[in-house]
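In the numbering used here, the protein residues as written are 610 to 818.
Ideal placement from N, C-alpha and C gives every residue a C-beta, glycine not left out.
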């Protein structure tokens, strides 16, 4: 009996260690290489996680997101779409996430009505979009030094992606009324922190002026 108890305890400790490690990766912010001083720098807009899995929040801002995409695209700002998609083999975190946004599920699809203005779509399995190295490569290849941010969730994926962008030296502008969170009070506090870090905020109506 004693050996069984020790074995179970050891297994639980191992699971806890693995879960803690996976959570640290999921919540982590990448550093990456600093971007160059491009001769002809360009801008991109990252449209974050406007997916069916998160439609309750996404529907609140979809019109503003579409207006931002339409206006910025007309000004040669590259629209880049970010999607959350988790592997079914990630059992521990999928349990914590209640099996949301699993690869192959309908939840990973874009919400109906989201304007798709390019084929530049990058998936991620962490909150930080830059955890997908293909995004880094794409932005550098296109000499992007300025990023607009729209979409979800202000406290999580937007939060971590903005921090990762700042780590790389991007100029970051959050489109305030085209970005939302399930936890708006917490997001308000994060916005104040971002302002101190040099992040700009602009409304869709200001963009269109």
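Note to self: Between which two residues does the beta strand (DSSP E) holding residue 711 run?
What the structure shows: Within the chain shown, residue 711 is the residue found at index 102, counting from 1. Segment: none, residue 711 is in no beta strand (DSSP E) and carries neither H nor E.
Note to self: Less than 6 Å between C-beta atoms, sequence neighbours within five positions excluded: which residues of the same chain meet that for residue 809?
What the structure shows: Locating residue 809 in the chain shown gives position 200, counting from the first residue. Counting only residues of its own chain and dropping the five nearest sequence neighbours on each side, residue 809 has a CB closer than 6 Å to the CB of 782.
Checklist line | First through last residue of the beta strand (DSSP E) which encompasses residue 884 | finding: This structure cannot speak to residue 884, because the chain is shown only from 610 to 818.
Notebook entry, point to check: Between which two residues does the alpha helix (DSSP H) carrying residue 803 extend?
Noted result: Taking the first residue of the chain shown as 1, we reach residue 803 at position 194. Judged by DSSP secondary structure, residue 803 falls within the alpha helix (DSSP H) whose first and last residues are 793–805.
Item checked: Within 8 Å, strictly: CB atoms of residue 792 and residue 764 -> Position 183 of the chain shown, counted from the first residue, corresponds to residue 792. Position 155 of the chain shown, counted from the first residue, corresponds to residue 764. In this structure, residue 792 sits near residue 764, with a CB-CB distance shorter than 8 Å.
Notebook entry, point to check: Is it true that the CB of residue 759 sits closer than 8 Å to the CB of residue 674?
Noted result: Counted from its first residue, the chain shown places residue 674 at position 65. Counted from its first residue, the chain shown places residue 759 at position 150. Cβ atoms of residue 674 and residue 759: closer than 8 Å.
Checklist line | Span of the alpha helix (DSSP H) around residue 661 | finding: Along the chain shown, read from residue 1 onward, the residue named residue 661 stands at position 52. Taken as a continuous stretch (DSSP letters only), residue 661 belongs to no alpha helix (DSSP H), as it is neither H nor E.
Checklist line | Reference residue 687, options 756, 816, 771, 790, closest by Cα | finding: For the purposes of this step, residue 687 is identified with residue 78 of the chain shown, where counting begins at 1. Cα-wise, what sits closest to residue 687 is 756.
Check: What are the boundary residues of the beta strand (DSSP E) that includes residue 810?
Finding: Residue mapping note: residue 810 aligns to position 201 of the chain shown, counting from 1. Segment 809–811, the beta strand (DSSP E) holding residue 810.
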